[in-house]
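Sequence lines, in order, name chains V and Z.
If you count by our numbering, then the first sequence holds residues 430 to 856, one letter each, in order.
If you count by our numbering, then the second sequence holds residues 236 to 490, one letter each, in order.
Heads up, the beta-carbon is just placed ideally off N, CA and C, and yes, glycines get one too.
Below is one structure, written out as structure tokens; the observations come after it.
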Amino acid sequence: MQSGWSDRMERLFNRRSDGRAICVAADHGYMSDVTPNVVNLRSIARAVVQGGADGVLLSPGQAVRLAPLFEGPDGAALIVRADWMNMPRLGGSNVTNAVPQRGLFHQPVLGPADALRLGATAITIYLFLGYDDRLEAAGVASCARFASECRRAGLPCIMEPLAVGSRVNGTNIVDLLTLGARMCAELGADAIKIPYTGDVESFARVVRVSQVPVLVLGGARSEDERDALELLAEGLEAGSAGCLMGRNVTKSHDPEKLVRQLCQMAHEGFSVEDALRGRQWDRVRLRVVSSKCTGCNLCVTACVAAHGERRFGSQLARLGIEPIRLGQHRVSYCTLCKKCIDICPESALSWHGSTGAVELHPDRCTACGKCVEICPTHVISKAPTAAQGRRLEPWLPAICDLCGGGPACARICPTEAITLGERSTVK
Amino acid sequence: MEKLQAGMNRILPSSDQGCLVLDASAGLALGALSGLEDFEASVRPLLAHLDGLACSPGQLRRLPEQIFGGTTLLVRADWTNALRGEDHALPVETVVHFPILEPEDAADLGASGLVVSFLLGYDETVEADCLRTCVRLALGGKRLGLPLVVEVLPSGPRVSLPGKAAELGASYALESGADLVAVPFTEAASLKTIGAMLSVPWLVKPASPQSAAGEWEQARDLGAAGLWLDHHWAPAGLALAGISDLVRQVRQEGA
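Next comes the structure, spelled out in structure tokens:
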């Protein structure tokens, strides 16, 4: 293998010494119609680099024009798209399709030596699965050739398996992406860029079988930028090395800010909530303005659903909404008053070390009911325990745990009657 | 030719013992096989028992050199979707076959030999592609001292006489330049013909892990040099106990 491969992998995946990378795909003008993110590429690329992106994926032509953005050994890495395809113009996507295409076409465009001359730190190529066997075979041949040539050139090769075509359906898409990830690993990919499979468990399997760093891609842009952050959060939870996100960033109203948020999550351990507010809170608390509450009860429903106990009665919610007069409601919630902690004779309740919420230690709880009785806001309920197992107590107290730091009630409240605040001190 | 012979000696280290080669390269087309998901952890305990390990290029480049000891590394130099069955996530509609490596790439990866499949019974163009690939890789490999192993796969729907198809595949492999041929276990008469015809060493591919010991016994008597274990061994047979039992039998009876 030529020297340079390790340095380039380091530049891409270890700029912050954590093995992670936040990259932005800005190669859409190469393959789809002219959209605002394509027209304004120069300013967008500058913004994402200023936001701290570890890498930016560009077409060969834009790589030449935007080369100054990637100068210096410590700057963002330039990733060059080494192939071309017409998938976004086939229809069914969110572009206008000025010249609709009749069939999927995919071909390599430039070789690793050309990419190195452009100053690339890595190249990216597609592998299509599910369209037809011959297209897949051509993709495999292409990937194999790139893997060998990149190895000789010392250039990392990022392969991007995509499940596209009439043979892809809702039941096999996860299997196809998993298959594609492993095929790329076997062909010699140095990293894999792949769509999120929809849940952490299946994506963790994709990561496991990939055996090389995995970057989750963002897909079509969501109107809510929180979605992009949550996608990254789930990808990281599944073990991915970061993201190579395109339209969610390049079509964002503030690409620099969004990239900074993604970087904070990947490199500084921020939660989605922390990233959205721009700094990490040690502990949180609920803040309630009852006059804003419309009594829609979304918070109650979200609370029950968030705790995933397969029971859906509103009596199990860890907060409550009560009408007090026409159009006015009282929101009952955990005020962190500590009375339950103090009264528990078994020390089964304590402050949670990181969230600052009340934490229940079920193994110590005897279901004496004292916490339920003393709660001044009546938001501790008795949650029936499962019949099986060794537990003898018929119920355990259901106490607000602030959903681990990102309370579902605050996230869903449409009027901001419930929001999240920082809890600076713990009594 | 000296370099080539040295390469062959690495795959077949001793003429008086049966050799055992595990082909763990099927992930190229099949994805992550159960039993091989974590490739390095799965093959590491087996290496002491194997004479050869065939890997995909991607796996080969990630395996740390120091784990191999005396095991010879072969690299899969072709790709086909013919291994995919009806229950695969992407069942095959059109069988394709093509090379994915040049001999120079294999040498670059540190491989001691090249492995390709010879498919029979599919579209005629597939057979022609296999022949062309074998000839090209055999000639290219010889220049670099890399032996070519041809795995005969008479698995297409047009195969009417499996034994004769295995004979034909072995013959094509030989004629196109193979240095070692892996043939599926088949009827005794065909194995006898293959043994008589092949002027290069050949390995037999057991039909299943369960039948391997008995099939090895028959094939050894007909001149087979060892066993070639394909992807069917991954789910069940990669258990260390299964392989090491087989190794014991191959080594003792081959001695």
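Within the stretch 568-654 of chain V, the alpha helix (DSSP H) runs of at least 4 residues that lie entirely inside it are, in chain order, 602-616, 629-639.
Using a 10 angstroms sphere on the CB of Z:P419, the tally of other CB atoms reaches 16 or more, which defines it as buried. Cβ-Cβ distances below 6 Å link V:A667 to V629, F632, A633, V636 in the same chain, with the five nearest sequence neighbours on each side left out; the list follows chain order. DSSP, reduced to helix, strand and coil, places V:C728 within a helical segment of the structure shown.
The beta carbon of V:N677 sits closer than 6 Å to those of G647, R650, A657, all from its chain and outside the five residues before and after it, given in chain order.
C-alpha of Z:S277 to C-alpha of Z:L298: approximately 12 Å in a straight line. Considered as a whole, the stretch 484-570 of chain V harbours 484-487, 506-510, 512-514, 535-537, 551-558 as its complete beta strand (DSSP E) runs of no fewer than 3 residues, in chain order. For the pair of segments examined, the stretch 433-441 of chain Z was found to touch the stretch 402-412 of chain Z: the number of CB pairs separated by less than 8 Å reaches three.
Here V:R747 is near V:I828, since their CB atoms are less than 8 Å apart.
A straight line joining the alpha-carbon of V:Y762 with that of V:V808 spans about 6 Å.
Boundaries of the alpha helix (DSSP H) harbouring V:I770: 768-772, taken from the DSSP string. Between V:S783 and V:R712, the alpha-carbon positions lie close to 6 Å from each other. Taking the Cα positions, Z:G266 is about 48 Å away from V:E845.
Distance from the CA of Z:V310 to the CA of V:R449, rounded to the nearest whole angstrom, comes to 31 Å. Closest option to V:G707, judged by alpha-carbon separation, among V:C725, V:T723, V:L687, V:R437: V:L687. Residues of the stretch 592-624 of chain V with a C-beta atom less than 7 Å from some C-beta of chain Z are R596, N601, D604, L605, T607, L608, R611, M612, A614, E615, L616, G617, A618, listed in chain order. The beta-carbon of Z:Q294 is placed less than 8 Å from the nearest beta-carbon of chain V. Look at V:L558: its C-beta is under 8 Å from a C-beta on chain Z. Ranking V:T814, V:I803, V:A786 by CA distance to the CA of V:D792 puts V:T814 first.
Only exposed fits V:A734, as fewer than 16 other CB atoms lie within 10 angstroms of its CB. Along the stretch 312-367 of chain Z, the alpha helix (DSSP H) occurs as fully enclosed runs of 4 or more residues at 338-343, listed in sequence order. By the CB criterion at 8 Å, Z:T368 and Z:P334 fall inside the cutoff. In its chain, beyond the 5 residues on either side, T464, P465, N466, R650 have a beta carbon closer than 8 Å to the beta carbon of V:K680. Within chain Z, L263, A264, W314, N316, V331, F333, I335 have C-beta atoms less than 9 Å from the C-beta of V:V569, given in sequence order. Rounded to the nearest whole angstrom, the C-alpha separation of V:L727 and Z:G293 is 50 Å.
Less than 8 Å divides the Cβ of V:K622 from the Cβ of V:L673.
If you look at V:K799, you'll find it in the alpha helix (DSSP H) that goes 799-803.
If the five residues before and after Z:G375 are omitted, its C-beta is found closer than 7 Å to the C-beta atoms of E337, P338, all from its own chain and listed in chain order. Each residue's CA atom was taken as its position, placing V:P497 and V:S571 some 30 Å apart. For a cut-off of 8 Å, the C-beta gap from V:C452 to V:V493 is around 19 Å, too long to register as a contact.
Proximity of chain Z to V:D562 at the Cβ level (cut-off 9 Å) is accounted for by N316, L325, V327, E328, T329, V330, V331, in chain order. Taking a beta-carbon distance threshold of 8 Å, Z:R297 counts as an interface residue toward chain V. Between V:A618 and V:A576, the CB-CB gap stays under 8 Å. About 6 Å separates the Cβ atoms of Z:A317 and Z:L354, confirming a contact at the 8 Å cut-off.
For Z:F420, there are no neighbours in chain V by C-beta distance under 9 Å, as the nearest C-beta there is about 27 Å away. Z:A401 has its alpha-carbon roughly 19 Å from the corresponding atom of Z:E452.
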